[in-house]
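Undergrad: The structure's right below; bear with me while I get my questions together.
Residue numbers (the UniProt record's numbering): 1 to 115.
Structure below.
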């Protein structure tokens with residue numbers, strides 16, 4: 001039996017290759033925005049896919065991660081049986097200066113509480 005994972009490695013889009021419309025569309029969805037917000041509060045590669053507090057099933061969550069990768073917002077890699085995530089903040093901030101700050105700050109200014 002092979003030790004290889006049965007799933008393909010995730011494909012990533014570099015933020016430099018992302019149109020602003022794609023970035024905005026990815027951040028407009030409440031579930032994806034929650035994923036980005038949770039990643040913004042944790043260290044790189046600390047958050048596994050199954051540990052996010054979002055109200056969707058595995059298939060929908062997989063789709064949301066795919067959209068975020070395509071928008072250059074996250075990077076994922078497999079560590080054993082788990083897939084871990086990081087927010088590509090430095091790269092994304094270079095491409096779209098201030099956008100993530102605005103999105104992350106918006107929650108606090110609107111009086112939403114942190115979980």
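Think of the CB as a built atom: it goes at the ideal place given N, C-alpha and C, for glycine as much as any other residue.
Give me the Cα-Cα distance between residue 2 and residue 103, rounded to the nearest whole angstrom.
TA: Only weak support is given to the placement of residue 2: the predicted model assigns it a pLDDT of 42, under 50, and the value that follows is read from those uncertain coordinates. Computed Cα separation, rounded: 43 Å.
Undergrad: Checking contacts by CB at 8 Å: is residue 49 closer than that to chain C?
TA: Here there is only one protein chain, and chain C is not present.
Undergrad: Which stretch, first to last residue, makes up the beta strand (DSSP E) that contains residue 75?
TA: 74-79
Undergrad: When the Cα of residue 13 is compared with those of 42, 72, 68 and 57, which residue comes out closest?
TA: 72
Undergrad: Just tell me which of 91, 68, 58 and 78 has its CA closest to the CA of residue 27.
TA: 68
Undergrad: Using only the alpha-carbon positions, how far apart do residue 16 and residue 55 sit?
TA: 31 Å
Undergrad: Look up residue 84 in the DSSP assignment and say whether it is helix, strand or coil.
TA: It is a strand residue.
Undergrad: When you compare each of 93, 91, 66 and 89 to residue 32 by their alpha carbons, which one comes out closest?
TA: Residue 66 is the option with its Cα nearest to residue 32.
Undergrad: Taking Cβ positions, are residue 75 and residue 95 nearer each other than 8 Å?
TA: no
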